[in-house]
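Novice:
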Amino acid sequence: MVVFYKVDPSDIKKLTGDFGSVFRKTCAGKTNEDTRRWIQALAKVATLAGYVSNNWDNEAVMIEKIATDISNKLNKSTPSRDFDELVGMGAHMERMELLLCLDSDEVRMIGIWGPSGIDNIDQSMQLDAIAKETRWFGHGSRIIITTQDQKLLKAHGINHIYKVDYPSTHEACQIFCMSAVGKKFPKDEFQELALEVTNLLGNLPLGLRVMGSHFRGMSKQEWINALPRLRTHLDSNIQSILKFSYDALCREDKDLFLHIACTFNNKRIENVEAHLTHKFLDTKQRFHVLAEKSLISIEEGWIKMHNLLELLGREIVCHEHESIREPGKRQFLVDARDICEVLTDDTGSKSVVGIYFNSAELLGELNISERAFEGMSNLKFLRIKCDRSDKMYLPRGLKYISRKLRLLEWDRFPLTCLPSNFCTEYLVELNMRHSKLVKLWEGNLSLGNLKWMNLFHSKNLKELPDFSTATNLQTLILCGCSSLVELPYSIGSANNLQKLHLCRCTSLVELPASIGNLHKLQNVTLKGCSKLEVVPTNINLILDVKKYKNRENRGLCSKKEI
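Counted from 1, the sequence shown has number 154 at position 154 by full-length UniProt numbering; the numbering is strictly sequential.
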């Protein structure tokens with residue numbers, strides 16, 4: 001809508017009259033190119049239909065007419081009318097209307113805070129330049145700022161914030177299909193493929209739109225051929241947008257982002273804090289910074305990073321440094337082929353801090369060298385997810401694992417004992433589910449930092465370590481350890497133990513009386529302990545009887561049983 005206030009459109013087009021005089025003064029000292037562009041723009045404006053104040057006898061009537069026209073245009077922009085080709089917008093607009101409060105004459109700023117790709121307002125200077133103060137705007141104005149940085153909105157004093165979550169899988173599939181095939185629902189032959197692509201992209205609208213354009217016009221077979229790369233690589237267009245947020249972080253927050261992407265995604269925040277407290281000052285605050293920037297979310301005590309952001313972090317580790325040709329010199333090892341190379345050729349170095357290996361990505365079997373970890377003296381986090389026991393072997397045993405390990409997670413560990421020089425000085429978490437361990441290690445080791453031990457379904461386990469120094473141990477999971485006959489008396493020294501899970505320990509005969517010393521114990525599971533005959537009489541002093549049912553029912557101790 002154009003308003004020609006006290007100026008004739010012909011003067012604007014021909015640059016005559018008072019307007020022409022002022023324009024010529026404005027052009028003084030400017031380049032010919034600038035002047036040419038301005039003349040072209042003014043000539044175009046002069047041809048637009050609008051309100052010419054010189055044609056109105058009563059200026060107030062004109063203003064009222066302008067206000068009425070604007071109001072009518074705004075009222076036509078209600079949800080459900082203008083969003084037929086968009087997905088889920090109607091529901092968003094209904095919720096936004098409550099924040100907009102259109103009936104009020106106040107000037108109101110509203111923030112829309114959402115995931116990566118929602119917009120690029122990322123600095124206070126940008127926000128100050130376009131909307132520093134509400135007094136810059138007329139009564140009833142609504143200023144809407146979209147960003148993925150919540151802190152930016154709060155720092156600007158914007159209290160009305162609408163959080164945009166990821167769309168549902170159904171909506172995400174429609175967003176993808178609109179870009180890929182031009183309609184919300186594809187042909188039946190593409191339905192399953194569209195859903196798989198949607199899941200791989202994690203319902204991120206940015207990724208759905210970009211990859212939808214990539215798949216547009218492809219045949220079904222071309223879709224199928226494109227899927228393997230999509231599972232392991234990030235599209236360059238998506239990467240450039242996501243990396244914008246990463247590049248804006250300080251050095252320490254970048255490092256934390258990479259730790260989460262390469263090692264700690266989908267782990268409990270309590271565990272991650274314990275592992276990283278030695279590395280970062282005020283870890284909780286740094287988590288908060290990443291969450292405000294929509295780089296992670298914290299859901300019911302778990303750290304969640306979107307799978308495309310996780311891919312970004314892993315690609316940064318693999319490709320941003322000159323060590324691209326030498327995987328063993330990287331900070332993190334996450335690519336299956338790189339890990340296989342390092343563990344078979346003994347090429348790991350002291351640069352390696354973390355390894356995350358999912359054997360599901362392994363095509364054949366892997367024979368790990370007995371000296372595979374010798375060069376990795378700074379390795380702190382080792383996570384090996386193994387879905388089958390016939391995939392990974394240590395044919396010559398294992399001679400060394402880093403003395404600095406804080407997290408050791410190795411599903412289906414193939415040896416009967418950890419290396420003789422294994423060090424637990426810094427160990428915080430030990431997860432050896434479905435292992436072939438008979439005992440953990442030789443002799444008594446310091447367990448002062450150990451908080452979580454999980455030996456779930458280690459059927460051959462017969463001997464537990466001495467727990468005399470395990471004063472910080474909180475959780476001990478021994479479910480399915482069917483060869484375990486007894487717990488060591490030293491378990492009574494683990495005075496911070498809260499959870500003791502012993503279900504299906506079918507050879508367990510008795511519990512030591514020292515368990516009665518565990519005053520913080522809240523949860524004891526004994527379901528399926530068919531040979532258990534002796535339960536300490538003093539255990540009833542530490543268990544809340546109301547929380548425990550008969551062992552045949554839930555597998556938990558009851559006062560009657562005790």
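Ideal placement from N, C-alpha and C gives every residue a C-beta, glycine not left out.
(1) List the DSSP bridge partners of Glu300.
(2) Going by C-alpha to C-alpha distance, which of Ser468, Met392, Phe467 sits closest to Ser435?
(3) Tell whether a beta-carbon distance below 8 Å holds between Leu500 and Ala470.
(4) Does DSSP put Val524 in a helix, a strand or coil?
(5) Grab me the residues of Arg286's own chain with a C-beta within less than 8 Å of its C-beta, minus the 5 sequence neighbours each way, in chain order.
(6) Whole alpha helix (DSSP H) runs in the region 131-193 with 4 or more residues, listed along the chain?
(7) Just reading off the alpha helix (DSSP H) that Asn225 is part of, what are its end residues?
(8) Let's test the definition: count the other Cβ atoms within 10 Å of the Cβ of Pro414 and tell me whether it reaches 16, buried, or not, exposed.
(9) Check Arg383 in the structure and name its three-state DSSP category.
(10) Near Leu48, what residues of its chain come up, given a Cβ to Cβ distance below 8 Å and the 5 sequence neighbours on each side ignored?
(11) Thinking just about the alpha-carbon of each residue, which of Phe456, Ala41, Val52, Ser446 is nearest to the one in Leu437?
(12) Can you name, in chain order, every residue of its own chain whose Cβ lies under 6 Å from the Cβ of Lys439, other than the five neighbours on each side?
(13) Where does Asn358 fall in DSSP's three states?
(14) Can you grab the Cα-Cα spacing for the pair Val334 / Tyr356, in whole Å?
(15) Based on DSSP bridge pairs, tell me the residues matched to Met392.
(16) Do Ile238 and Leu308 have their C-beta atoms closer together than 8 Å?
(17) Go to His501, then tell me how far its beta strand (DSSP E) extends in each direction, as first and last residue.
(18) Give me, in chain order, the residues of the same chain whose beta-carbon lies closer than 6 Å to that of Glu315; leave out the 5 immediate sequence neighbours on both sides.
(19) Of all the beta strand (DSSP E) runs that stay within the bounds of the region 451-487, which reach a length of 3 or more residues?
(20) In its own chain, which residues sit with a C-beta less than 7 Å from the C-beta of Ser297, not counting the 5 before and 5 after it?
(21) What is the DSSP secondary structure of Lys267, reduced to helix, strand or coil?
(22) Evaluate residue 584 with the Cβ neighbour count: other Cβ atoms within 10 Å of its Cβ, from every protein chain shown; 16 or more gives buried, anything less gives exposed.
(23) Can you check whether the CB of His275 is closer than 8 Å to the CB of Phe381?
(24) Quick one: what does DSSP say Glu97 is sitting in, helix, strand or coil?
(25) Assuming Leu497 contacts Leu484 under a Cβ cut-off of 8 Å, what Cβ separation, rounded to an integer in Å, is found between them?
(26) Helix or strand or just coil, what does DSSP make of Asn32?
(27) Mind checking which residues open and close the beta strand (DSSP E) that includes Ile110?
(28) Any contact of the region 95-114 with the region 181-196, i.e. 3+ C-beta pairs under 8 Å?
(29) Please state the DSSP three-state secondary structure of Leu309.
(30) Quick one: measure Cβ to Cβ for Arg403 and Cys423, integer angstroms, because I've assumed they're closer than 8 Å.
(31) If you run the structure through DSSP and keep just helix, strand and coil, what is Leu415?
(32) Could you compute how far the alpha carbon of Val22 sits from the alpha carbon of Ala41?
(33) Check whether the Cβ atoms of Gly114 and Ile145 lie closer than 8 Å to each other.
(34) Among the residues of its own chain, which have a CB less than 6 Å from the CB of Asn460, if the five just before and after it don't count?
(35) Distance check for Gly212 and Leu15, CA to CA, integer angstroms please.
(36) Taking all protein chains shown into account, do 16 or more other C-beta atoms lie within 10 angstroms of the C-beta of Arg209, making it buried, or fewer, making it exposed?
Specialist: Taking the coordinates as given:
(1) According to DSSP, Glu300 bridges with nothing at all.
(2) Met392
(3) no
(4) strand
(5) Glu252, Asp253, Leu256, Phe280
(6) 150-155, 169-180
(7) 220-232
(8) buried
(9) strand
(10) Val2
(11) Phe456
(12) Cys417, Glu463
(13) strand
(14) 5 Å
(15) Leu366
(16) yes
(17) 499-501
(18) Leu234
(19) 452-454, 475-477
(20) Ala291, Lys304
(21) strand
(22) Nothing can be reported for residue 584, as the shown portion of the chain is limited to 1 through 562.
(23) yes
(24) helix
(25) In fact, because the Cβ distance is near 17 Å, the residues do not count as touching under 8 Å.
(26) helix
(27) 108-113
(28) no
(29) helix
(30) 4 Å
(31) coil
(32) 16 Å
(33) no
(34) Lys436, Val438, Ser483
(35) 48 Å
(36) buried
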